[in-house]
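Peer 1: Before I ask anything, here is the structure I am working with.
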Amino acid sequence: MIVKMLHEKGLKSEHAYCAGFLTIGLSVASWFGSITVERLGVARADHWGIYVGEWAPTFFALGLALANYEHPDLDVDLEAEQLHPVTD
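Following our numbering from start to finish, the sequence shown increments by one per residue and tops out at 90.
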């Protein structure tokens with residue numbers, strides 16, 4: 003299992019979440035850098051921005067998988083109900 007191996011190597015869900023947010027910033031930076039430095043047009047800049055931007059959902063999904071592995075006993079439904087109690 004990949005998630006188990008990554009967890010054993012020391013990767014935590016927080017690391018994956020941080021990587022996801024960093025790639026969002028990197029996506030904007032690569033788009034801006036490509037449009038100003040390369041001067042090859044907006045299409046090329048959009049290509050780089052979208053390419054790097056596709057990494058973020060992968061890191062967020064990996065973070066969720068790691069969080070689930072780290073806390074298998076956590077009941078998400080129960081926690082959500084405690085945060086937002088349903089009153090009839």
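Quick reminder that beta carbons are idealized off the backbone N, C-alpha and C, glycines included.
Beta-carbon within less than 7 Å of Leu-64's beta-carbon, same chain only, minus the 5 sequence neighbours each way: which residues are those?
Peer 2: Hits under 7 Å: Ala-18.
Peer 1: So, do the stretch 56 to 73 and the stretch 15 to 30 have three or more beta carbon pairs nearer to each other than 8 Å?
Peer 2: Yes, the stretch 56 to 73 is in contact with the stretch 15 to 30.
Peer 1: Measuring straight from C-alpha to C-alpha, what distance separates Ile-37 and Leu-8?
Peer 2: Answer to the nearest angstrom: the Cα atoms are 36 Å apart.
Peer 1: Determine the contact status of Ile-26 and Ala-58, defining contact as a CB-CB distance below 7 Å.
Peer 2: Cβ atoms of Ile-26 and Ala-58: closer than 7 Å.
Peer 1: For Phe-23, does the count of other Cβ atoms within 10 angstroms reach 16, so buried, or fall short, so exposed?
Peer 2: Label assigned to Phe-23: exposed.
Peer 1: Under the rule that 16 or more other beta-carbon atoms within 10 Å means buried, what is Phe-61, buried or exposed?
Peer 2: Buried.
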